[in-house]
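A.B. asks:
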Amino acid sequence: MSKILIRGAKVLGGEPQDVLIDGETIAALGSGLSPEGATVIEADGKILLPGLVDLHTHLREPGREDSETVLTGTRAAAGGGYTAVFAMANTFPVADTAGVVEQVYRLGQEHGYCDVQPIGAVTVGLEGKKLAELGAMHESAAGVTVFSDDGKCVDDAVIMRRALEYVKAFGGVVAQHAQEPRLTEGAQMNEGVVSAELGLGGWPAVAEESIIARDVLLAEHVGSRVHICHLSTAGSVEIVRWAKSRGIDVTAEVTPHHLLLTDELVRTYNPVYKVNPPLRTERDVMALREALADGTIDIVATDHAPHPHEDKDCEWAAAAMGMVGLETALSVVQRTMVDTGLLTWADVADRMSFAPARIGQATGHGRPISAGEPANLTLVDSAYRGEVDPAGFASRSRNTPYEGRELPGRITHTFLRGRATVVDGKLA
Amino acid sequence: MKRHLISAADLTRDDAVLILDTAEEMARVADRPIKKLPTLRGRTVCNLFFEDSTRTRISFEAAEKRLSADVINFAAKGSSVSKGESLKDTAQTLEAMGVDAVVIRHSASGAPYRLATSGWIDAPVINAGDGTHQHPTQALLDAFTMRRRLIGPDAGLGQDLGGRRITIVGDVLHSRVARSNVDLLHTLGAEVTLVAPPTLVPVGVETWPCEVSYDLDSVLPKSDAVMMLRVQRERMNAAFFPTEREYSRRYGLDGDRMARMPEHALVMHPGPMVRGMEITAEVADSGRCTAVEQVANGVSIRMAVLYLLLGGNEPAVSSPRTDRTEEK
Chain L
1 MSKILIRGAK VLGGEPQDVL IDGETIAALG SGLSPEGATV IEADGKILLP
51 GLVDLHTHLR EPGREDSETV LTGTRAAAGG GYTAVFAMAN TFPVADTAGV
101 VEQVYRLGQE HGYCDVQPIG AVTVGLEGKK LAELGAMHES AAGVTVFSDD
151 GKCVDDAVIM RRALEYVKAF GGVVAQHAQE PRLTEGAQMN EGVVSAELGL
201 GGWPAVAEES IIARDVLLAE HVGSRVHICH LSTAGSVEIV RWAKSRGIDV
251 TAEVTPHHLL LTDELVRTYN PVYKVNPPLR TERDVMALRE ALADGTIDIV
301 ATDHAPHPHE DKDCEWAAAA MGMVGLETAL SVVQRTMVDT GLLTWADVAD
351 RMSFAPARIG QATGHGRPIS AGEPANLTLV DSAYRGEVDP AGFASRSRNT
401 PYEGRELPGR ITHTFLRGRA TVVDGKLA
Chain D
1 MKRHLISAAD LTRDDAVLIL DTAEEMARVA DRPIKKLPTL RGRTVCNLFF
51 EDSTRTRISF EAAEKRLSAD VINFAAKGSS VSKGESLKDT AQTLEAMGVD
101 AVVIRHSASG APYRLATSGW IDAPVINAGD GTHQHPTQAL LDAFTMRRRL
151 IGPDAGLGQD LGGRRITIVG DVLHSRVARS NVDLLHTLGA EVTLVAPPTL
201 VPVGVETWPC EVSYDLDSVL PKSDAVMMLR VQRERMNAAF FPTEREYSRR
251 YGLDGDRMAR MPEHALVMHP GPMVRGMEIT AEVADSGRCT AVEQVANGVS
301 IRMAVLYLLL GGNEPAVSSP RTDRTEEK
């Protein structure tokens, strides 16, 4: 494999440096590195980050290849600056056996745009009744370490307790989709002022918060770690903050859309804003930003949820829940966290690469940018401003809430183990 | 007036008063031996009903026919919708057949808004009730009924409901009628009080332009009109209230409670009434109950809305105003 010299990049937002990639690894950092024998990329003060890691992606394959495949999803991921994604288990069939997780893992390896680390279902068929063969999935070629029934909550307290305990044997972690099912029957949007007016079934914050409170206490009781998916309320933040102060081994994620959008958008009845958990209020958005800044929330995860056009081009109640996010995540984080002064680029590297790789144990990802490390890198033109045009997405689906919005920042290059997957903003 | 009628909140005070005044003129047509105006001759109106509704559909149909429109009735049951056709395709199919306006009833809140704003079709959309969101023509006919009874058919012309105290009782949470009425009555200057058990009041109600009370008896003596909402028996299965009897005791309107209302005060009900639940037969059949009158007024209001949305800007061949002069 050839050499690549990235010249004048602000590594983690710091002073401009040259970074030399040799084969699959970073060979050297410094100023005035020799370009001899190397392809030169003039970074011109662009930001160099470690390849992003998404702990929460829906790739839809197998089963819903009309909305996304491992190929289209990993191309979208590369375009968004990701070098590793964790694929959620709610496929058809459900990823609750070694066979399914190995298939998804191998597809990721074959296509080569981005490493795909499958997440295994906690319970058989995501039904919350019976533990799936978690050990078999861990021991499979896919080496599953993260387990989640995402899309559904492991609401049975005993099943949740057992899952938390069981995965300790091989260092796994359960990622909980916190949604008390009885409190959210028929729920269509955040319960509050807007739902009262629109006459849409309310999704109370307490349905999320009560499960988080229960699960951090369960994790404490059995001495396990627990990861909370997509925090969306100010109350959830307070509970996680309390749990961490108590020494409970909990980590939490927030999606880009919950950092930017509020339930006021639902007044349009446009289902592109329909998502689980629902968009909340301005107060929640501000609390989530603050929590991501102070570390209460550990990571940003996209919850990239592709849906075919017909599942959104309809009345609100009939529409599917979810938004695509891989190709806009970093821009939204720049807009909400960096441009607002809440996070530095080094912090962004932590929240979107180091920490998610650590939580999910993604080997070779989320590593420091230094000599000898795997060359998983993302180059960001943070000065760029442009309107989001879904027609340019690599994802098979277009259900973005940002169409026509101006967002900052653009990925110009992504490297997966030294090989460019994105060059000059285009998939290689 | 906007091009569509989706929400009572979209109406200004002047829009609403214009509709009520126009409805008065339409009501005179109903008193004639031949109850027909040529206003919408050659226009096609589609009643697109995705949810069972006999009263509202018939009321719209009567209004359309009195204005000489060609009427297409589309009921979701037995149609292509049951085979999985989308709202978009259904609406586009109907528009391709040359529909000039769509009256839509749908179980999903916001479906009429989507139909009007998604670029799927061009025709004006009239909301005939969507989920638990809005039912603007119901609110208009209720306001029309109040104005006629409390002020008078002629004396009320040009008037709003400023200072009138209106109490709405029952399942506010699941009621599009309550939402529409709160919006419209507020616009018309009335003071609205909602009365319901706390379980049937939506979280977020605090921003609505009205008062909320859990005590019916304390509100009754201060009411110019008391509107009883239907309460579905199945709500008690979801623990909104313990039993039908307890609901009736605390929130039902019976003869004793009606006696506590001022003498001039009306009892209103959008129908269908659940006698013995929210209202006793004694009250429902009394002269103070306007339920039947509301049905009649519904036709006049829907004529007025159709006229104003579809024909109101044209120098009508026989505008209702001309008819009125002829009558004199």
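From first to last, the protein sequence lines are chains L and D. Mapping the first sequence onto my numbering, position 1 (from 1) lands on 1, and the numbers just tick up by one. Mapping the second sequence onto my numbering, position 142 (from 1) lands on 142, and the numbers just tick up by one. Positions of the beta carbon are idealized from the N, C-alpha and C atoms, including for glycine.
1. Can you list, in chain order, the residues of the region 122-136 of chain D whose Cβ is nearer than 8 Å to any Cβ on chain L?
2. Which of helix, strand or coil does DSSP assign to TRP120 of chain D?
3. Listed in chain order, which residues of the region 205-219 of chain D have Cβ atoms closer than 8 Å to some Cβ of chain L?
4. Quick check on this structure: which residue in L:ILE239, L:ARG358, L:HIS58 has the alpha carbon closest to the alpha carbon of SER148 of chain L?
5. Verify the CB distance criterion: does LYS2 of chain D have a CB-CB separation below 8 Å to chain L?
6. Our contact map puts PRO277 of chain L next to ASP263 of chain L with C-beta atoms below 8 Å; I'd like the distance itself, whole angstroms only.
7. Listed from N- to C-terminal order along the chain, which residues in the region 80-100 of chain D have their beta-carbon within a distance smaller than 8 Å of any beta-carbon of chain L?
8. In terms of alpha-carbon separation, which member of D:PHE60, D:VAL195, D:GLY152, D:SER175 lies closest to ARG235 of chain D?
9. Alpha carbons only, please: which of L:ARG75, L:LEU427, L:GLY30 is nearest the one belonging to SER370 of chain L?
10. Return the first residue and the last residue of the alpha helix (DSSP H) that TYR251 of chain D is part of.
11. Within the 8 Å Cβ cut-off, does PRO270 of chain D reach chain L?
12. Rounded to a whole number of angstroms, what is the C-alpha to C-alpha distance between GLU85 of chain D and LEU342 of chain L?
13. With 9 Å as the limit, tell me which residues of the region 189-219 of chain L have their beta carbon closer than that to any beta carbon of chain D; keep them in chain order.
14. In the DSSP assignment, find the beta strand (DSSP E) that holds HIS133 of chain D and state where it starts and stops.
15. Distance, Cα to Cα, LEU218 of chain L vs GLY366 of chain L?
16. Does chain D have any CB closer than 8 Å to the CB of TYR269 of chain L?
17. Pair every Cβ in the region 287-299 of chain L with every Cβ in the region 382-398 of chain L, then say whether three or more of these pairs are closer than 8 Å.
18. At least one CB of chain D closer than 8 Å to the CB of ALA84 of chain L: is that the case?
19. Give the interface partners of HIS106 of chain D over in chain L, defined as CB-CB distance under 8 Å, in chain order.
20. In terms of residues, what are the limits of the alpha helix (DSSP H) holding TYR166 of chain L?
21. On the DSSP letters alone, give me the boundaries of the alpha helix (DSSP H) that GLN294 of chain D sits inside.
22. Using alpha carbons as the reference points, say which of D:VAL219, D:MET261, D:ILE151 lies closest to LEU194 of chain D.
23. Give the straight-line distance between the Cα atoms of ARG324 of chain D and PRO262 of chain D, rounded to the nearest whole angstrom.
24. Roughly how many angstroms separate the alpha carbons of LEU94 of chain D and ALA62 of chain D, rounded to a whole number?
25. In angstroms with no decimal places, state the Cα-to-Cα distance between VAL157 of chain L and ALA8 of chain D.
26. Could you give the distance in angstroms between the alpha-carbon of ARG280 of chain L and the alpha-carbon of ALA205 of chain L?
27. Whole beta strand (DSSP E) runs in the region 332-373 of chain L with 3 or more residues, listed along the chain?
28. Please return the same chain residues whose Cβ sits closer than 6 Å to the Cβ of VAL331 of chain D, not counting the five positions on each side in sequence.
29. Does the contact criterion of 3 or more C-beta pairs under 8 Å hold for the region 209-218 of chain D versus the region 138-155 of chain D?
30. Residues of chain L with CB closer than 9 Å to the CB of SER109 of chain D, please, in chain order.
31. Kindly indicate the opening and closing residues of the beta strand (DSSP E) around ASP22 of chain L.
32. With a cut-off of 8 Å, does the C-beta of GLU310 of chain L fall near any C-beta of chain D?
33. ALA375 of chain L: buried (16+ other C-beta within 10 angstroms of its C-beta) or exposed?
34. Using only the alpha-carbon positions, how far apart do LEU427 of chain L and GLU290 of chain L sit?
C.D. replies: According to the data block:
1. Taking 8 Å as the Cβ-Cβ cut-off against chain L, the residues of the region 122-136 of chain D that qualify are ASP130, GLY131, THR132, HIS133, GLN134.
2. Position 120 of the second sequence, counted from the first residue, corresponds to residue 120 of chain D. Three-state result, TRP120 of chain D: coil.
3. VAL205, GLU206, THR207, TRP208
4. Residue numbering aside, residue 148 of chain L sits at position 148 when the first sequence is read from its first letter. Among L:ILE239, L:ARG358, L:HIS58, the Cα nearest to that of SER148 of chain L is on L:HIS58.
5. The count along the second sequence starts at 1 and reaches residue 2 of chain D at position 2. Chain L contact via Cβ: absent.
6. As a working mapping, residue 277 of chain L is identified with position 277 in the first sequence. As a working mapping, residue 263 of chain L is identified with position 263 in the first sequence. Wrong, their Cβ atoms sit about 11 Å apart, outside the cutoff.
7. SER86, LEU87, LYS88
8. Locating residue 235 of chain D in the second sequence gives position 235, counting from the first residue. The shortest C-alpha separation from ARG235 of chain D is found at D:SER175.
9. Here residue 370 of chain L corresponds to residue number 370 of the first sequence, with the count starting at 1. It is L:GLY30.
10. In the second sequence, residue 251 of chain D corresponds to position 251, counting from 1. Taken as a continuous stretch (DSSP letters only), the alpha helix (DSSP H) holding TYR251 of chain D covers 244-251.
11. Within the second sequence, residue 270 of chain D is the residue found at index 270, counting from 1. Closer than 8 Å: no.
12. The residue given as residue 85 of chain D occupies position 85 in the second sequence. The residue given as residue 342 of chain L occupies position 342 in the first sequence. Each residue's Cα considered, the two are about 48 Å apart.
13. GLU191, GLY192, VAL193, VAL194, SER195, ALA196, GLU197, LEU198, GLY199, LEU200, GLY201, GLY202, PRO204
14. Along the second sequence, read from residue 1 onward, the residue named residue 133 of chain D stands at position 133. Segment: none, HIS133 of chain D is in no beta strand (DSSP E) and carries neither H nor E.
15. Along the first sequence, one-based indexing puts residue 218 of chain L at 218. Along the first sequence, one-based indexing puts residue 366 of chain L at 366. Distance between the alpha carbons of LEU218 of chain L and GLY366 of chain L: 29 Å.
16. In the first sequence, the residue the question calls residue 269 of chain L occupies position 269. Yes, because at least one Cβ of chain D sits closer than 8 Å to the Cβ of TYR269 of chain L.
17. No, they do not touch.
18. Numbered from 1 along the first sequence, position 84 holds the residue referred to as residue 84 of chain L. It does not; no Cβ of chain D falls within 8 Å.
19. Here residue 106 of chain D is taken as the residue at index 106 of the second sequence, counted from 1. Those are GLU315, listed as they occur along chain L.
20. For the purposes of this step, residue 166 of chain L is taken as the residue at position 166 of the first sequence. Start and end: 157-166.
21. Along the second sequence, read from residue 1 onward, the residue named residue 294 of chain D stands at position 294. Per DSSP, GLN294 of chain D belongs to the alpha helix (DSSP H) from 291-306.
22. Position 194 of the second sequence, counted from the start, is the residue given in the question as residue 194 of chain D. Residue D:VAL219 is the option with its Cα nearest to LEU194 of chain D.
23. For the purposes of this step, residue 324 of chain D is identified with residue 324 of the second sequence, where counting begins at 1. For the purposes of this step, residue 262 of chain D is identified with residue 262 of the second sequence, where counting begins at 1. Because ARG324 of chain D carries a pLDDT of 38, less than 50, the predicted location of this residue cannot be relied on, and the following value inherits that uncertainty. Going from the Cα of ARG324 of chain D to the Cα of PRO262 of chain D covers about 35 Å.
24. What you label residue 94 of chain D is simply residue 94 of the second sequence in a count that begins at 1. What you label residue 62 of chain D is simply residue 62 of the second sequence in a count that begins at 1. Rounded to whole angstroms, LEU94 of chain D to ALA62 of chain D spans 20 Å at the Cα level.
25. The residue you call residue 157 of chain L lines up with position 157 of the first sequence. The residue you call residue 8 of chain D lines up with position 8 of the second sequence. Here residue 157 of chain L turns out to be Ala, not Val, going by the sequence shown. Cα-Cα distance, rounded: 45 Å.
26. Taking the first residue of the first sequence as position 1, residue 280 of chain L is located at position 280. Taking the first residue of the first sequence as position 1, residue 205 of chain L is located at position 205. Distance between the alpha carbons of ARG280 of chain L and ALA205 of chain L is about 8 Å.
27. none
28. The displayed coordinates of chain D run from 1 to 328. Any statement about residue 331 of chain D would go beyond what the structure contains.
29. no
30. Stepping through the second sequence from its first residue, residue 109 of chain D is reached at position 109. The contacting residues are GLN188, LEU198, GLY199, LEU200, GLY201, TYR269, GLU315, TRP316, ALA317.
31. Indexing the first sequence from 1 puts residue 22 of chain L at position 22. Start and end: 16-22.
32. To locate residue 310 of chain L, count along the first sequence from 1; it is residue 310. Yes - at least one Cβ of chain D is within 8 Å of the one on GLU310 of chain L.
33. To locate residue 375 of chain L, count along the first sequence from 1; it is residue 375. Buried, because 16 or more other Cβ atoms sit within 10 Å of the Cβ of ALA375 of chain L.
34. On the first sequence, residue 427 of chain L is found 427 positions in, with the first residue counted as 1. On the first sequence, residue 290 of chain L is found 290 positions in, with the first residue counted as 1. Their backbone Cα atoms lie some 34 Å apart in a straight line.
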